[in-house]
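Just so we're aligned, residue 4 is where the sequence shown starts under our numbering, counting upward by one.
From the three backbone atoms N, C-alpha and C, an ideal C-beta is built for every residue, glycine too.
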Amino acid sequence: MTNTTARARNPLAFLDAEIDDLKARGLYRRLRVVESEQRSRCVIDGREVITLSSNNYLGLNTHPRLRQAAIDAVERYGAGSGAVRTIAGTMSLHEQLEAKLAEFKHVEATLTFQSGFTCNTGVIPVLAPEGATIVSDALNHASIIDGIRLTKAERRIFPHADIDALRSTLRDVRAADAARTILVITDGVFSMDGDIARLPEIVEAAEEAEAIVYVDDAHGSGVLGRNGRGSVDHFDLSGRVQVQVGTLSKAIGVLGGYVAGPASLRTVLEHSARPFLFSTSHPPAVAAACLAAIEVLETEPELIERLWDNARYFKAGLARLGFDIGQSETPITPVIVGAGALAHRFSDRLFEEGVFAMGIGFPTVPEDKSRLRTIVTAEHTAEELDLCLAAFERIGRELALI
Ligand SMILES: *Cc1c(COP(=O)(O)O)cnc(C)c1O
């Protein structure tokens, strides 16, 4: 008996095989640990570095108004919300935040979720029931892909930003069925290349086919549009995009996702979006800090100007050094180097020189388009950006990239 047990196969052995495989393919990574505040300069793995890898575009995560709002909320309401939204977990702060976001986005209603990820996985299945067709950009975020996987709708993926392909797909689907619900989904800003969706053309193609347009503006929230209202505002398309998703986790500096649209959408989601029904709501401090962040966007637009000034300065510097920085139109600037192993080597050497820029390879991007993805923030000083550019130049030459 004991012998049989001792000889029994370890049922988790496939995990070790998976790790060996990751190592063999050069994809094995250890998590870097941030040991200080998350700012332009921080301590990571015991080393002080300038970071170019956070989504904290405006530095709001350490803004005094957000800190104070979070502290006040903890003192007044405690640490947790205690329930899901649909039972006893809807607190007045959640409702205040949603009203504020609706006013900010110029829509009838918004509904918040625990994260941008759960927002997409909650909203997409409600908008695309069985019998609907989803038309989705090939480079859409993983949370959109997973949201689509949770539906029984038909899926059509069009090549990234290919408006002709989108238009002909929409015509085919509409011609086959005049009554069908069609949902067009796109990122507002694509997270690995920093390009902006061609929303005016997408909206036009969708209107022709009477399709719903759904824009996930995770990297556009707080970055694009007036006071950071996002890509729909940037293109002046308010009223023509039915559903906008935003994140509260990136430029807003805290955590969460929200959907903005008609009041009817909110009401139906309250009754059927599964992460809303079955997962506990935000702690009061999160809702309070998000509320403060929207007020900061309204009253301190200079933060967004500084972000864009820094982005232009850093991009110009990288281009002058001769790096391939792709087609970015936003503060996300990829530095494309080719093979994944080279991107990781570049990232590791920069880290030793005091600059943190994460290497990104397959499967997130194609292997021959491996890159460092950089994001400057409003907090970076000119001196910090110059130090980064000097390090990129030094290591770029060392690795014969420039
Ligand atoms: C980051 C991101 C998300 C996820 O947002 P979280 O709030 O971090 O969960 C969703 N969609 C897109 C396009 C993103 O870039």
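Where does residue i sit, in a helix, a strand or coil, going by DSSP?
| i | result |
| --- | --- |
| E204 | helix |
| L104 | helix |
| A393 | helix |
| V187 | strand |
| I328 | coil |
| M4 | With a pLDDT of only 48 at M4, under 50, the local geometry of the prediction cannot be trusted, and the value read off the model is given with reservation. M4 falls in the coil class under three-state DSSP. |
| E387 | helix |
| V216 | strand |
| I90 | coil |
| T154 | coil |
| G399 | helix |
| T255 | With the sequence shown as reference, residue 255 is identified as Ile, and Thr is not the correct amino acid for it. Reduced to three states, the DSSP call for I255 is coil. |
| G364 | coil |
| F317 | helix |
| V36 | coil |
| T270 | helix |
| I307 | helix |
| I148 | helix |
Considering just the uninterrupted stretch of the beta strand (DSSP E) at residue i, what are its terminal residues?
| i | result |
| --- | --- |
| E21 | First-last for E21: 16-27, but that is the alpha helix (DSSP H), not the beta strand (DSSP E). |
| Y80 | Careful: Y80 lies outside any beta strand (DSSP E), inside the alpha helix (DSSP H) at 67-80. |
| F116 | 112-116 |
| V138 | 136-140 |
| R174 | First-last for R174: 166-179, but that is the alpha helix (DSSP H), not the beta strand (DSSP E). |
| V52 | 50-54 |
| L375 | 373-378 |
| R44 | 44-47 |
Roughly how many angstroms lie between the CA atoms of residue i and residue j, to the nearest whole one?
| i | j | result |
| --- | --- | --- |
| R323 | R397 | 14 Å |
| N313 | V206 | 31 Å |
| G62 | T380 | 7 Å |
| M4 | R28 | Per-residue confidence for M4 stands at a pLDDT of 48, beneath the threshold of 50, marking its modelled position as unreliable; the derived number appears in the next sentence. In a straight line, the C-alpha of M4 is about 40 Å away from that of R28. |
| E355 | S43 | 17 Å |
| V299 | F120 | 24 Å |
| E332 | V187 | 22 Å |
| A164 | L142 | 9 Å |
| S194 | T93 | 32 Å |
| L251 | G223 | 11 Å |
| R376 | E401 | 19 Å |
| Q330 | E308 | 21 Å |
| M361 | K155 | 36 Å |
| L392 | P337 | 14 Å |
| A179 | A288 | 50 Å |
| A266 | T189 | 22 Å |
| L202 | Y31 | 37 Å |
| G357 | D351 | 10 Å |
| G256 | A182 | 42 Å |
| D389 | I328 | 17 Å |
| V37 | R174 | 49 Å |
| D140 | E204 | 14 Å |
| L69 | I137 | 38 Å |
| A221 | A11 | 48 Å |
| H285 | G325 | 45 Å |
| Y60 | I335 | 10 Å |
| G125 | I405 | 45 Å |
Pick from the options: whose alpha carbon is nearest that of residue i?
| i | options | result |
| --- | --- | --- |
| K253 | F17, D48, I137, T65 | T65 |
| S146 | S95, N123, D196, H163 | N123 |
| R89 | V36, S275, E21, G264 | Note that residue 89 is Thr in the sequence shown, not Arg. Closest option to T89, Cα to Cα, is S275. |
| R269 | G357, E210, Q245 | Q245 |
| A105 | L294, V358, S350 | L294 |
| F116 | I363, S267, V262, F326 | V262 |
| R170 | G134, A208, I185 | A208 |
| Y217 | D198, R243, E78, L227 | R243 |
| S373 | R315, S57, A342 | A342 |
| A72 | A291, E213, F279, P14 | A291 |
| R35 | L25, S56, D24 | S56 |
| P304 | L227, L353, V271 | L227 |
| I215 | E273, V129, P278 | V129 |
Starting from residue i and walking both ways along the alpha helix (DSSP H), at which residues does that stretch end?
| i | result |
| --- | --- |
| G260 | Careful: G260 lies outside any alpha helix (DSSP H), inside the beta strand (DSSP E) at 260-264. |
| F161 | Careful: F161 lies outside any alpha helix (DSSP H), inside the beta strand (DSSP E) at 157-161. |
| S350 | 343-355 |
| T124 | 119-130 |
| I297 | 287-302 |
| L280 | 277-281 |
Report whether the distance from the Cβ of residue i to the nearest heavy atom of ligand 2 is below 6 Å.
| i | result |
| --- | --- |
| F279 | Ligand 2 is absent from the structure shown, which contains only ligand 1. |
Just checking: is the beta-carbon of residue i within a distance shorter than 7 Å of some beta-carbon in chain C?
| i | result |
| --- | --- |
| P304 | Going by chain labels, chain C is absent from the structure shown, which holds only one protein chain. |
- Message: Just to confirm the assignment: which complete beta strand (DSSP E) runs, minimum length 3, are found wholly within the region 218-253?
- Response: 246-250
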